[in-house]
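Trainee: Below you'll find the structure I mean.
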Amino acid sequence: MTDITIEQANLQDLKEILQLQKEAFVTEAESHGNYDIEPLKQTYESILSEFQTHLFLKAMYENKIIGSVKYRAITDIVWVGKLIVNPLFRKRGIGRRLLTEVENLNPDAAKFQLFTAALSIHNIRLYESVGYEVHSTYKDENQSDLEMVEMIKLINR
Ligand SMILES: CC(C)(COP(=O)(O)OP(=O)(O)OC[C@H]1O[C@@H](n2cnc3c(N)ncnc32)[C@H](O)[C@@H]1OP(=O)(O)O)[C@@H](O)C(=O)NCCC(=O)NCCS
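Residue 13 in this note's numbering sits at position 13 of the sequence shown; the count goes up by one each step and never skips.
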């Protein structure tokens, strides 16, 4: 879709991004049979506080936010989180475009790092397709039955 643009999100976008996040993660909750997950429970105050330390990108279609991702760069390590795409716009490469844009905006990064649920095989496959590799697995600190994976993409120069 060529009419989808990716831009940096601003403070005024946060409510819409949080709403989209809740819509987006319903499919994730359904597929794992677990609705007790942080993305569905996050408050506006919490995302507002993340906005002080993270940059958010938004994918726009006809003035509507249909995708987002956030990231935080500390020295040459970039932590990537909350990749979301409106369920009606999935499987068209928007998630991949958002991930690629994070990389383009951090040309000097040596390492990109993200976390996802071990059961989310489609997410893991998407991340692997753009160069991330599973680095470790661990139990979520708030939910011991939720297994997570840490994925890393190293940039070799
Ligand atoms: C994860 C998520 C962001 C992916 O968004 P997306 O826009 O569908 O991602 P993409 O389209 O880039 O890639 C997803 C799949 O679509 C395929 N695809 C990409 N472009 C395509 C196209 N033009 N036509 C058909 N399929 C396409 C990809 O190959 C990939 O397929 P695979 O799963 O079989 O490997 C989305 O599913 C989502 O919001 N999920 C809920 C929230 C979530 O779990 N986020 C991740 C948290 S870690």
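Note that the Cβ used here is the ideal one computed from N, Cα and C, for glycine as well.
Below 6 angstroms CB to CB, which residues in the same chain sit around E150 once its five sequence neighbours on both sides are set aside?
Mentor: The residue labelled residue 150 in the question sits at position 150 within the sequence shown. Hits under 6 angstroms: F115, H135, S136.
Trainee: Which residues bound the alpha helix (DSSP H) around R72?
Mentor: Along the sequence shown, read from residue 1 onward, the residue named residue 72 stands at position 72. Run containing R72: none in the alpha helix (DSSP H); it sits in the beta strand (DSSP E), 64–74.
Trainee: Alpha carbon to alpha carbon, what distance is there between K41 and N63?
Mentor: Reading the sequence shown from its first residue, position 63 is the one you call residue 63. Reading the sequence shown from its first residue, position 41 is the one you call residue 41. The alpha-carbon atoms of N63 and K41 are separated by roughly 26 angstroms.
Trainee: Can you tell which of R125, G67, L154 has its C-alpha closest to the C-alpha of L109?
Mentor: Translated into positions along the sequence shown, residue 109 becomes position 109. Per the sequence shown, residue 109 should be read as Ala rather than Leu. For A109, the nearest C-alpha among the options comes from L154.
Trainee: Counting Cβ pairs, one atom from each stretch, are 3 or more of them under 8 angstroms apart for the region 58–76 and the region 15–27?
Mentor: Touching, yes, given that three or more Cβ pairs across the two stretches are closer than 8 angstroms.
Trainee: Report buried or exposed for D36, applying the criterion of at least 16 other Cβ atoms within 10 angstroms of its Cβ.
Mentor: Locating residue 36 in the sequence shown gives position 36, counting from the first residue. It is exposed - the Cβ of D36 has fewer than 16 other Cβ atoms within 10 Å.
Trainee: Name all residues in chain order for which at least one heavy atom of ligand 1 lies closer than 6 angstroms to the residue's CB.
Mentor: Listed by chain position, these are A24, F25, T27, E28, L83, I84, V85, R90, K91, R92, G93, I94, G95, R96, T116, S120, H122, N123, R125, L126, S129.
Trainee: What separation, rounded to the nearest whole angstrom, lies between the Cα atoms of E147 and I124?
Mentor: Position 147 of the sequence shown, counted from the start, is the residue given in the question as residue 147. Position 124 of the sequence shown, counted from the start, is the residue given in the question as residue 124. Roughly 13 angstroms separates the two Cα atoms.
Trainee: Along the chain, where does the alpha helix (DSSP H) containing E147 start, and where does it finish?
Mentor: Your numbering for residue 147 matches position 147 in the sequence shown. Premise fails: E147 lies in the beta strand (DSSP E), 147–154, not in any alpha helix (DSSP H).
Trainee: If we count the other Cβ atoms within 10 Å of its Cβ and call it buried at 16 or more, is G95 buried or exposed?
Mentor: Position 95 of the sequence shown holds residue 95. Its Cβ being crowded by 16 or more others within 10 Å, G95 is buried.
Trainee: Note down, one range per segment and in chain order, each alpha helix (DSSP H) of at least 4 residues found wholly within the region 84–149.
Mentor: Complete alpha helix (DSSP H) runs here, min 4: 94–104, 121–129.
Trainee: Tell me the DSSP secondary structure of Q12 in three-state form.
Mentor: Indexing the sequence shown from 1 puts residue 12 at position 12. Q12: helix per DSSP, three-state reduction.
Trainee: Could you give the DSSP three-state label for T53: helix, strand or coil?
Mentor: Position 53 of the sequence shown, counting from 1, holds the residue named residue 53. DSSP places T53 in coil when its eight states are reduced to three.
Trainee: Judging by CA-CA distance, which residue of I47, S120, T75, N86 is the nearest neighbour of N106?
Mentor: Looking up residue 106 in the sequence shown gives position 106. Of the candidates I47, S120, T75, N86, the one whose C-alpha sits nearest the C-alpha of N106 is T75.
Trainee: Could you pull out every residue in the same chain whose Cβ sits closer than 6 angstroms to the Cβ of I77, ignoring the five residues on either side in sequence?
Mentor: On the sequence shown, position 77 is the one that residue 77 refers to. K111.
Trainee: Using only alpha-carbon positions, find the residue among A118, S120, L119, G93 that is nearest to D3.
Mentor: Position 3 of the sequence shown, counting from 1, holds the residue named residue 3. Checking every option, the nearest Cα to that of D3 belongs to G93.
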